[in-house]
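What follows is a set of notes on a single structure, which appears directly below.
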Amino acid sequence: MEQIIFWEETFFTVAFVAYTAAALAFFAHVALKKDIMGKIAVLLTSAGFLIHTTAIVLRVIESGRLPFSNQFEFATSFTWGIVLCYLVLHYAYRFTAVGAFVMPIAFLVMGYASMLPKTIKPLMPALQSNWLYLHVGTAVISYGAFAVSAGLATMYLIHLYQKKDNETKTGMLTAETCDYLSYRVIAFGYLMLTLVIITGAIWAKAAWSRYWAWDPKETWSLITWLIYSVYLHLRFHRGWTGKPAAWFAVIGFLCVIFTFVGVNTLLAGLHSYL
Amino acid sequence: MQRIVRFLTGLPLAIILLVTIAMYSIIGTVLPQGLSVEVYAERYPQFAQWILALQFDHVYTSLVFYVLLGLFVLNLVGCTLKILPAQLRRMKQDYVMTPRASSEEMFDSSLNPEMFRSSLTKLRYSIRETEDGFIASKHRIGHIGSSVTHLGIIVIIVGSIIGAIFAEEGFFNLMPGDVKSFPDYGFAIRLDDFYFGFRENGTVEQYFSEVSVLRSQQPEQTAKLWVNQPLSVDSLSFYQTSYGWASRVLITKNSGEEVMNIWLRKGESTFVQENHMTVYLYGFYPNFTITSEGEPLTMTEEMKNPHYAVILYEYGQHVGSYIVEPGQPIERGDFQITFQDSTLYTGLTYRKDFGYSFVVAGSAIMFLGLMFSFYFTPKQILMTTNSIKVMTRQNPWGLTYQIKKLVEASRIGKESN
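The listed protein sequences correspond, in order, to chains A and B.
Note that the first sequence covers residues 168 to 441 in my numbering.
Note that the second sequence covers residues 30 to 446 in my numbering.
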């Protein structure tokens with residue numbers, strides 16, 4: 168068992184190093200406009216993702232459950248979700264430069280995870296439910312998607328700042344592409360967030376008798392959902408694309424981060440074990 | 030009047046309400062909710078008056094919040110009724126969307142139209158011939174996505190209102206052998222046993238209540254419930270939500286006369302009139318230890334080394350604090366106080382909420398609506414002899430990207446690839 172813990176921590180650290188190096192390589196790719204740097208960055212990200220997945224699998228073997236039950240486990244899973252969403256986007260569209268705006272977020276969340284206690288504790292009675300996997304699993308994917316959308320929105324804003332609107336051979340996207348991709352990723356994240364809230368409500372009903380208790384965590388999830396609802400409505404019906412939409416995507420992601428970190432550290436509630 | 034109706038059912042109000050509800054909800058996460066007036070006065074001496082006047086002490090049941098929710102439902106219903114007829118019209122087969130002015134022309138003179146058409150058919154587009162080409166359409170159901178989503182939200186809110194008005198909820202403690210009767214429902218619940226499931230390291234894995242459902246002239250039904258595994262009896266659901274230890278306190282005189290023999294739980298006290306003595310059970314520790322600061326605590330919930338922390342008062346004055354084992358008497362004047370027979374009791378919550386079915390149904394409808402809106406978005410490709418245009422509202426970039434690739438793959442000479 169101790170050997171598994173050793174290897175899990177080793178793989179986690181190597182993945183963190185790979186993500187850090189990938190973020191730097193992506194920067195170099197965008198700044199120097201060198202294709203080779205982009206390829207290295209994607210390779211590092213993909214390798215880091217595989218190593219990170221191995222670390223998570225080892226933790227699953229150690230604990231006998233998915234790593235969804237405390238702040239460290241969610242942070243590492245969240246990072247995994249961000250990188251997964253980025254890689255799916257990359258292999259679907261081959262827009263390498265997006266990594267320069269997404270991997271720093273993955274680096275920060277992974278860095279946060281690395282500072283948290285990694286001890287494995289058995290699940291408390293309220294968490295012993297299959298709903299845990301559905302509820303937190305959808306949250307991992309949803310938050311990952313919102314992080315990618317925030318990266319794309321930042322990329323759009325930088326485009327605007329630099330007043331560049333041409334797709335270059337190094338995989339920089341046009342401003343319009345950033346805008347649309349950001350929207351599509353938000354739509355996916357929003358759908359997943361809806362599932363997070365629904366599964367959480369059904370689970371709460373089974374565990375605590377009430378499907379909604381205005382606990383700070385669930386209230387902040389609702390606030391995040393409402394903010395993204397505003398984004399989607401303004402986009403569809405008021406043609407809010409471009410700059411305001413990009414700022415909205417960034418604000419939405421700040422809500423996500425507050426729901427994840429702020430609520431746990433600043434506000435007490437039913438989710439305080441996380 | 031028309032302007033008012035238009036405003037009440039329009040998008041600007043929807044946006045205002047979504048933002049306001051979000052902002053207003055934040056207050057309830059920052060300010061502790063449902064505390065007594067005195068607590069607010071003590072914690073927020075400068076703002077307590079405002080907190081109470083604006084009902085910030087119960088944000089989610091405040092008048093303002095109800096008004097916001099009411100307006101939201103009104104807006105949602107009005108908006109849905111307004112847009113639904115047009116959406117239903119668009120679902121008809123002969124409906125053709127209008128290409129955007131910025132819609133990119135994708136026609137390529139080297140395109141093989143039959144191959145392009147066949148590729149669209151493979152992607153499940155339905156093809157309708159026109160005078161000089163065809164219209165390929167897909168996902169007409171997506172036109173009603175937003176209305177279905179709105180309907181889902183309305184059903185959820187209706188469910189929560191039903192719950193708020195009609196739901197019944199209560200909490201009760203039972204010691205083994207105790208019975209809780211539900212006369213309105215024609216049954217009673219008896220606790221047969223309550224126990225912990227322990228892990229190897231002594232920590233509690235789960236709390237189990239074994240109960241019997243009693244009905245007149247019917248055999249008893251036994252059942253077990255635990256956290257995350259509620260028990261349903263008729264329309265009531267029972268949830269394992271709490272537990273505790275009850276301890277028997279026996280107060281006797283030195284002569285042997287029994288003065289009191291009752292159960293006390295942690296934090297409870299009893300009063301002996303004769304010497305104005307209050308016996309306060311500060312705590313029960315089934316696996317007792319003492320911290321370096323001198324505080325008693327229990328290492329686990331296993332009954333390995335039980336101890337009681339007891340405080341005595343006479344005429345309201347503290348006269349002694351004691352840590353005693355079961356059966357170990359505390360001598361006080363003519364009286365002897367002993368604690369023993371500690372036993373676990375369960376805390377069960379019961380709830381009946383017809384609104385919950387609406388909430389689940391509404392959630393499913395809302396999710397379906399979002400799927401329609403995001404992943405079954407209506408798409409049309411209009412092809413003439415010298416033009417290809419894509420038409421979609423939600424994601425023109427994505428569809429253009431996809432059709433460009435399709436056009437690229439449908440060029441003459443690509444057949445053999």
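Where is the CB? At the ideal position from N, CA and C, for every residue including glycine.
A quick note: this is a predicted structure, and the numbers were derived from the prediction, not measured.
Next on the checklist: Can you tell me whether I280/B sits near the ligand HEM, meaning its C-beta is under 8 Å from at least one heavy atom of the ligand?
Outcome noted: For the ligand HEM, the structure offers nothing, since it holds no ligand at all.
Checklist entry - Buried or exposed: where does W274/B fall if 16 or more other Cβ atoms within 10 Å of its Cβ makes it buried? => result Under this definition W274/B is a buried residue.
Checklist entry - Which residues, in order along the segment 254–266 of chain A, keep a beta-carbon less than 9 Å from a beta-carbon of chain B? => result If the cut-off is 9 Å between Cβ atoms, the segment 254–266 of chain A has Y260 near chain B.
Checklist entry - Between V102/B and chain A, is there a C-beta pair that is closer than 9 Å? => result Closer than 9 Å: no.
Item to check | Backbone CA spacing between E133/B and I56/B [nearest angstrom] | outcome: The alpha-carbon atoms of E133/B and I56/B are separated by roughly 47 Å.
Checklist entry - Does the beta carbon of I410/B sit closer than 9 Å to a beta carbon anywhere in chain A? => result For I410/B, not one C-beta of chain A is nearer than 9 Å to its own C-beta.
Next on the checklist: According to DSSP, D222/B sits in a beta bridge with which residue or residues?
Outcome noted: E239/B, per the DSSP bridge assignment.
Checklist entry - Is D370/B helix, strand or coil when you go by DSSP? => result In this structure, D370/B counts as strand in the three-state DSSP scheme.
Checklist entry - In chain A, which residues lie less than 9 Å from S54/B when you measure between Cβ atoms? => result Result: W381, T386, W387, L389, I390, L393.
Item to check | Rounded separation between F163/B and A196/B - CA only | outcome: Spanning the alpha carbons of F163/B and A196/B requires a straight line of approximately 57 Å.
Checklist entry - What beta strand (DSSP E) runs, 3 residues minimum, are completely inside the segment 120–185 of chain B? => result When DSSP assignments are scanned along the segment 120–185 of chain B, the uninterrupted stretches of beta strand (DSSP E) that are 3 or more residues long and fall wholly within it turn out to be 155–159, 162–167.
Next on the checklist: My output table needs one value for T337/A: the three-state DSSP class, helix, strand or coil.
Outcome noted: Because T337/A carries a pLDDT of 42, less than 50, the predicted location of this residue cannot be relied on, and the following value inherits that uncertainty. The answer is coil: DSSP assigns T337/A none of H, G, I, E or B.
Checklist entry - Per DSSP, T413/B forms a beta bridge with which residues? => result Under DSSP, T413/B forms a beta bridge with S416/B.
Item to check | Selected residue, minimal CA-CA separation from S176/B, among R129/B, M420/B, M400/B | outcome: The shortest CA-to-CA distance from S176/B to any of R129/B, M420/B, M400/B is the one to M400/B.
Next on the checklist: Quick check: is the beta carbon of Y374/B nearer than 9 Å to any beta carbon in chain A?
Outcome noted: Answer no: the Cβ-Cβ gap between Y374/B and chain A never drops below 9 Å.
Next on the checklist: What residue range does the beta strand (DSSP E) around M289/B cover?
Outcome noted: For M289/B, the enclosing beta strand (DSSP E) has its first and last residue at 287–294.
Next on the checklist: Less than 9 Å between the C-beta atoms of G266/A and A312/A, yes or no?
Outcome noted: It is not a contact, given that the beta carbons lie outside the stated cut-off.
Checklist entry - Which residues, in order along the segment 343–354 of chain A, keep a beta-carbon less than 7 Å from a beta-carbon of chain B? => result Look at the segment 343–354 of chain A: the residues with a C-beta under 7 Å from a C-beta of chain B are E343, T344, Y347, R351, A354.
Item to check | Neighbour list for V397/A in chain B, Cβ cutoff strictly below 7 Å | outcome: Listed by position along chain B, the residues whose Cβ is nearer than 7 Å to that of V397/A are I44, L47, V48.
Checklist entry - Given G231/B, which residues of its chain have a CB within under 6 Å of its CB, disregarding the five upstream and five downstream residues? => result T329, E331, listed in sequence order.
Next on the checklist: Going by DSSP in three states, K410/A sits in which element: helix, strand or coil?
Outcome noted: Note: K410/A maps to helix in three-state DSSP.
Checklist entry - Taking the alpha carbon of L340/A as the point to measure from, which residue in A264/A, I353/A, G406/A has its own alpha carbon closest? => result Closest by alpha carbon: A264/A.
Item to check | Within chain A, the residues that M395/B reaches when beta carbons sit closer than 9 Å | outcome: What M395/B touches in chain A: T361, I365.
Next on the checklist: To be precise: take each residue of the segment 290–303 of chain A, compare its Cβ to all Cβ atoms of chain B, and keep it if any distance is under 7 Å. Which residues remain?
Outcome noted: Among the residues of the segment 290–303 of chain A, those with a Cβ less than 7 Å away from any Cβ of chain B are P292, A293, Q295, S296, in the order of the chain.
Checklist entry - Can G199/B and Q269/B be called in contact, C-beta distance under 9 Å? => result Between G199/B and Q269/B, the CB-CB gap reaches or exceeds 9 Å.
Next on the checklist: Check whether chain A comes within 9 Å of P407/B, counting only Cβ atoms and requiring the distance to be less than that.
Outcome noted: Taking 9 Å as the threshold, the shortest C-beta distance from P407/B to chain A does not fall below it.
Item to check | A380/A in three-state terms, based on DSSP | outcome: Here A380/A sits in coil by DSSP.
Checklist entry - Taking DSSP as the reference, what is the three-state secondary structure of K282/B? => result In the three-state DSSP reduction, K282/B falls in the strand class (E or B).
Next on the checklist: In the DSSP output, which residue or residues are listed as bridge partners for L341/B?
Outcome noted: DSSP output for L341/B lists V308/B, G349/B as bridge partner(s).
Next on the checklist: Quick check: is the beta carbon of P259/B nearer than 9 Å to any beta carbon in chain A?
Outcome noted: P259/B counts as touching chain A.
Next on the checklist: Am I right that K22/B and H168/B are in contact with their C-beta atoms under 8 Å? What's the rounded C-beta distance?
Outcome noted: Residue 22/B lies beyond the range of chain B shown here (30 to 446); nothing can be said about it.
Checklist entry - Just by C-beta distance, which residues in the segment 315–328 of chain A are closer than 7 Å to chain B? => result Within the segment 315–328 of chain A, no residue qualifies.
Item to check | Same chain only: Cβ atoms within 6 Å of C108/B, ignoring 5 sequence neighbours per side | outcome: Excluding residues up to 5 positions away in sequence, T38 lie with their Cβ nearer than 6 Å to the Cβ of C108/B in the same chain.
Item to check | Contacts around V276/A, its chain only, beta-carbon distance under 7 Å, and the 5 residues preceding and following it disregarded | outcome: For V276/A, same chain residues with a beta-carbon under 7 Å away, outside a window of 5 residues either side, are A242, F245, T246, I249 in chain order.
Checklist entry - For M30/B, is the classification buried or exposed, using 16 other Cβ atoms within 10 angstroms of its Cβ as the cut-off for buried? => result Per the 10 Å Cβ criterion, exposed.
Item to check | Residues of the segment 207–236 of chain A whose Cβ lies closer than 8 Å to any Cβ of chain B, in chain order | outcome: Taking 8 Å as the Cβ-Cβ cut-off against chain B, none of the residues of the segment 207–236 of chain A qualify.
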